[in-house]
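Q: Following this message is one structure expressed as structure tokens.
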Amino acid sequence: MFKLARRNILRQRARSGLTLAAIALGVASLVLSGGFIDDILLQLREATIRSQLGHLQIYKRGQFASGGHHPYDFLIESPEVIERAVDAVPGVVARAARVSFSGLISNGRGELPILGEGIEPEPEARIGSAISMLAGLKLAAADDFGMMVGEGLAHAFKLKVGDRVNLVLTTREGAMNTLDFKVVGIFRSLSKEYDARAVRIGLRAAQELTATSGVNAVVVLLASTDLTTRARADLEARLPPGYEVKTWQELADFYNSTAALYERQFGVLQIIILVMVLLSVANSVNMTLHERTPEFGIMRALGRTKRDVFRLAVLETALLGLIGATIGVVVGATLAAVISMIGIPMPPPPNSESGFTATIRVVPVILAGAFAVGILGTIGAALLPARHLARIPVAEALRRGV
Amino acid sequence: MASSDERSAANIVQSLPRRYGAIGARSRHPKQVLVRVENVSKQYRLDDQLVPALSSVNLNIEKGVFMAIAGPSGSGKSTLLNLIGCIDTPTSGRIFIGDQDVSSKSPDQLASLRARTIGFIFQTFNLLPVLSAEENVEYPLLQFKELSVAQRQQRVQHYLEVVGLSEYARHRPNQLSGGQRQRVAIARALVVHPKIILADEPTANLDHKTGGRILRLMRRINRQTGTTFVFSTHDQRVIDMAIRRVDLEDGEIVRLGVRVAKEWVYAMERVIDSTADSEEDDA
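Chains A and B supply the protein sequences, listed in that same order. Position 357 of the first sequence, counted from 1, bears residue number 453 in our numbering, the numbering being contiguous throughout. Position 67 of the second sequence, counted from 1, bears residue number 105 in our numbering, the numbering being contiguous throughout.
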């Protein structure tokens, strides 16, 4: 039967070619659109991780639930315990301690409320690789009284690199404290919201300012995002009780909703592609089988059953599906590579200022999925016409040829 | 079913002296009935109408005959042939092949019967276009699990030789002439060693000379192997080669004929509806 199916396909060059084109086009479209979505989400995810969140954050239990409004209540007094646990987890690339505070900055002309972070400049630079500096430099270890200011905040205060600003906050005991800082850089992260209220100063300066000696969080960067779940479990096992580990996914609200939005949109697009391909394949298959009704009639007159005829028709179409899907995957992957070399300029995602360049990722899972859809869709499209063909009474099938 | 006319015709044949050759010799012994058509009617539904194709047809076909079902187009010849060939089922009545009632069989059972018992030669569209001549001849044998590849090949080559197409074994149908294609179809029909070969207007698409050759080939095979041949035709030459004839008009048998020497001896069928069953109703 295989030989027969193969030859039948080859004989009907033009018709087979058309069906093949339809399948290949559909599969290639799925490869390209799938790879495109995958890249966008990936870039969004990595930017999210590498601009503020890191892969994992460790807090004292309760800080997350409180919404971060009372950072003083959840200070980690001896971060070394945490840091040792982190260092023991495989896959950790960097870790940094942070102190959180809220207060005001003023520059003589006015005041604005801010959310502040005291950071370890060196490891944070590695963690925050997706943060871009619009002006000036990232905070350096030597900048005892340097400050990085978010884009929105700088704009609101018309701050430039080199300006002096005064930071005012309430200490742990409830006293007011103030210190002068020099703006060393203006940064842009992935979140416009964040940039509108954020300042970053050195960890020691923050501890001095708040009159504390603890930290609020330890942020961890891993070698790759795939390690997140395992690393989290590992870390949780090593930490003493009273601490909790949050992954970036649990922290990234806007990523999650943006990702959901994009995925839904593209999901719909893919369904539309699928339906269109199925219809054109079904049409093509239907025409072919209809034309060859007398041929199948002869087979039945010679003693083949309805089931034999059905199987042959489906087999032929399945072969076409196989070839078409293969072509589609190859074409799709090749196009993806070419387009990726050129790059697709993208506008900023929601809540962001920076546009980026998208590529089309060639991912085995997506290729396999598109391939499967190609074959299964083709076979599915063939089932009804094949069944109809097999059921025509033999005498009538033969008559149709005349 | 048998009228006195028919019975007297039968008596004539059976009393023929030997010198009438092969026909006479075979007629001396009562022949085995291969196919029995009992009061068969067939109607088609065409849009909203019921078209009667056959009405109350009764017929016995003996083993080894070379029979023509004759009649103008629309008389029901092809329909009768299709019913005998089990590619269609009667609206009423029964058909027996051997002693099996085929009108009550399932499509799968009929398929199996067709595969082993019946050989078909159609007017057009005989061969599968993607297979070579020998592959076409081999095709029906693929279902015979009991045959080895070698045995299949042997049969295929034998029958290709019988029809004179051994040189063209590898050719595809589109590389063969009409006559050659018919010969491949004959070989294919023979290869399963069928009890009966049914041919629907086998010479209709062939030129005179080729048609004649094909007919003579089939007649030769019929004589040599004893395979029963039944044609539907309106071609006089075909009828001239037959030894039995059934004339149809508007779906009814109007006469049955037996060839005696070079002439036809006819029996008239009663045109009025007959309800009595027949034992031997052919002449």
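Every residue gets a Cβ at the ideal spot worked out from N, C-alpha and C, and that includes glycine.
(1) So B:L166 contacts chain A; which residues on that side make the cut at Cβ distance below 8 Å?
(2) In the DSSP assignment, what residue or residues form a beta bridge with A:E340?
(3) Thinking A:G224 and A:S196 are a contact (beta carbons under 8 Å), I'd like their distance in whole angstroms, please.
(4) How about B:P232: is its C-beta nearer than 8 Å to some C-beta of chain A?
(5) In terms of residue numbering, what span does the alpha helix (DSSP H) encompassing B:P178 cover?
(6) For chain D, find out if any of its Cβ atoms is closer than 8 Å to the Cβ of A:V371; answer yes or no.
(7) Note down, in chain order, each residue of its chain lying with its Cβ closer than 6 Å to the Cβ of A:R457, except the 5 sequence neighbours on either side.
(8) Does any residue of chain A have a CB that is nearer than 8 Å to the CB of B:N120?
(9) Applying a beta-carbon distance threshold of less than 7 Å, which residues of chain B neighbour A:R400?
(10) Given 7 Å as the limit, tell me if B:P110 has its C-beta closer than that to any heavy atom belonging to the ligand PLP.
(11) Tell me which same chain residues have a C-beta within less than 6 Å of the C-beta of B:G216, skipping the five on either side of it?
(12) Do A:L249 and A:L208 have their CB atoms nearer than 8 Å?
(13) When DSSP labels each residue in this structure, what does A:M383 get in the three-state scheme?
(14) Any idea which residues DSSP pairs A:I475 with across the strands?
(15) Can you pull out the residues from the stretch 169-184 of chain B whose beta carbon lies closer than 8 Å to at least one beta carbon of chain A?
(16) At a Cβ cut of 7 Å, what residues of the stretch 486-497 of chain A count as close to chain B, listed as they run along the chain?
(17) So the beta strand (DSSP E) B:V268 belongs to, where does it begin and stop?
(18) Give me the Cα-Cα distance between B:P167 and A:T453, rounded to the nearest whole angstrom.
(19) Can you give me the start and stop residues for the beta strand (DSSP E) that A:S196 sits inside?
(20) Just to make sure I have the definition right: I need the residues of chain A whose C-beta is within less than 7 Å of the C-beta of B:I125. Which are they?
(21) On the criterion of 16 or more Cβ atoms from any shown chain inside 10 Å, does A:F98 qualify as buried, or is it exposed?
(22) Decide yes or no for the touch test of the stretch 271-289 of chain B against the stretch 228-242 of chain B: beta carbon pairs closer than 8 Å, at least 3 of them.
(23) What's the call for A:S125, buried or exposed, on a 16-neighbour Cβ count within 10 Å?
(24) Which whole-angstrom value is the C-beta distance of B:V222 and B:L179, which I expect to be below 8 Å?
(25) If you follow the beta strand (DSSP E) that A:T266 is part of, which residue opens it and which one closes it?
(26) Which residue's Cα is closest to the Cα of A:L347: A:L398, A:Q108 and A:H151?
(27) Might you give, ordered along the chain, the residues of its own chain that have their beta carbon closer than 8 Å to the beta carbon of A:N203, omitting 5 neighbours on each side?
(28) Suppose you measure from the CA of A:R403 to the CA of A:V341; what does that come to, to the nearest Å?
(29) With a CB to CB cut of under 7 Å and the five nearest residues on each side skipped, what residues in its chain are close to A:L323?
(30) When Cβ atoms are compared, which residues of the stretch 279-309 of chain B fall closer than 8 Å to chain A?
(31) Which residue or residues does DSSP assign as beta-bridge partners of B:E301?
(32) Please report how far the alpha carbon of B:R308 lies from the alpha carbon of B:R154, in whole angstroms.
(33) Determine, for A:T115, whether the minimum Cβ-Cβ distance to residues of chain B falls below 8 Å.
(34) Strictly by DSSP, which residues pair up with B:D126?
(35) Measuring straight from C-alpha to C-alpha, what distance separates A:T144 and A:A319?
(36) Which residues share a DSSP beta bridge with B:A108?
A: The answer reads as follows:
(1) In the second sequence, residue 166 of chain B corresponds to position 128, counting from 1. Going along chain A in sequence order, the residues near B:L166 (Cβ under 8 Å) are L100, E391, I394 and M395.
(2) Here residue 340 of chain A refers to the residue found at position 244 when the first sequence is read from its first residue. Its beta-bridge partners are A:Y155.
(3) For the purposes of this step, residue 224 of chain A is taken as the residue at position 128 of the first sequence. For the purposes of this step, residue 196 of chain A is taken as the residue at position 100 of the first sequence. With a Cβ gap of about 16 Å, A:G224 and A:S196 do not count as contacting.
(4) What you label residue 232 of chain B is simply residue 194 of the second sequence in a count that begins at 1. For B:P232, the answer is no, since every Cβ of chain A falls outside 8 Å of its Cβ.
(5) As a first step, residue 178 of chain B is located in the second sequence; it is residue number 140 there, counting from the start. Run containing B:P178: none; DSSP gives neither H nor E here.
(6) In the displayed structure, chain D is absent; the protein chains listed are A and B.
(7) What you label residue 457 of chain A is simply residue 361 of the first sequence in a count that begins at 1. Excluding the 5 residues flanking it on each side, A:R457 has same chain C-beta neighbours closer than 6 Å at G131, D134 and D135, in chain order.
(8) Along the second sequence, read from residue 1 onward, the residue named residue 120 of chain B stands at position 82. So yes, B:N120 belongs to the interface.
(9) Position 304 of the first sequence, counted from the start, is the residue given in the question as residue 400 of chain A. Residues of chain B passing the Cβ test: A149.
(10) Because no ligand of any kind appears in the structure shown, any question about the ligand PLP cannot be addressed here.
(11) Position 178 of the second sequence, counted from the first residue, corresponds to residue 216 of chain B. Once the five neighbours on either side are set aside, the close Cβ partners of B:G216 are N243 and L244.
(12) Locating residue 249 of chain A in the first sequence gives position 153, where the first residue counts as 1. Locating residue 208 of chain A in the first sequence gives position 112, where the first residue counts as 1. The answer is yes: Cβ separation under 8 Å.
(13) Counting from one through the first sequence, the residue named residue 383 of chain A turns up at place 287. Correct three-state label for A:M383: helix.
(14) Your numbering for residue 475 of chain A matches position 379 in the first sequence. Note: A:I475 sits in no beta bridge, so no partner.
(15) L169, Y177, P178 and Q181
(16) P489, V490, A491, L494 and G497
(17) As a first step, residue 268 of chain B is located in the second sequence; it is residue number 230 there, counting from the start. If you look at B:V268, you'll find it in the beta strand (DSSP E) that goes T266 to T271.
(18) Locating residue 167 of chain B in the second sequence gives position 129, where the first residue counts as 1. Locating residue 453 of chain A in the first sequence gives position 357, where the first residue counts as 1. Computed Cα separation, rounded: 54 Å.
(19) On the first sequence, position 100 is the one that residue 196 of chain A refers to. V188 to S202 is the extent of the beta strand (DSSP E) around A:S196.
(20) For the purposes of this step, residue 125 of chain B is taken as the residue at position 87 of the second sequence. Under the 7 Å cutoff, chain A gives A397, V490 and A491.
(21) Along the first sequence, read from residue 1 onward, the residue named residue 98 of chain A stands at position 2. Classification for A:F98: exposed.
(22) yes
(23) Numbered from its first residue, the first sequence carries residue 125 of chain A at position 29. With 16 or more other Cβ atoms within 10 Å, it is buried.
(24) Start at 1 with the first residue of the second sequence, and residue 222 of chain B comes out as number 184. Start at 1 with the first residue of the second sequence, and residue 179 of chain B comes out as number 141. Taking 8 Å as the upper bound for CB-CB distance, B:V222 and B:L179 are not in contact here, some 14 Å apart.
(25) For the purposes of this step, residue 266 of chain A is taken as residue 170 along the first sequence, with counting starting at 1. Counting along the chain, the unbroken beta strand (DSSP E) around A:T266 starts and ends at R260 to T266.
(26) The count along the first sequence starts at 1 and reaches residue 347 of chain A at position 251. Closest by alpha carbon: A:H151.
(27) What you label residue 203 of chain A is simply residue 107 of the first sequence in a count that begins at 1. The residues are F253, L255, D259, R260, V261 and N262.
(28) For the purposes of this step, residue 403 of chain A is taken as the residue at position 307 of the first sequence. For the purposes of this step, residue 341 of chain A is taken as the residue at position 245 of the first sequence. Distance between the alpha carbons of A:R403 and A:V341 is about 60 Å.
(29) Within the first sequence, numbered from 1, the residue matching residue 323 of chain A stands at position 227. Hits under 7 Å: G187.
(30) none
(31) Walking along the second sequence from the start, residue 301 of chain B turns up at place 263. Answer is B:V298, bridged to B:E301.
(32) The residue labelled residue 308 of chain B in the question sits at position 270 within the second sequence. The residue labelled residue 154 of chain B in the question sits at position 116 within the second sequence. Caution applies to B:R308, whose pLDDT of 49 falls short of 50 and renders its modelled position unreliable; the model cannot decide the point.
(33) Residue 115 of chain A sits at position 19 when you count from the first residue of the first sequence. Judged by the 8 Å Cβ criterion, A:T115 is not in contact with chain B.
(34) Numbered from its first residue, the second sequence carries residue 126 of chain B at position 88. Per the DSSP secondary-structure output, B:D126 pairs with nothing in a beta bridge.
(35) For this step, residue 144 of chain A is matched to residue 48 along the first sequence. For this step, residue 319 of chain A is matched to residue 223 along the first sequence. When rounded, the distance between both Cα atoms is 15 Å.
(36) For this step, residue 108 of chain B is matched to residue 70 along the second sequence. Bridge partners of B:A108 according to DSSP: B:T271 and B:D285.
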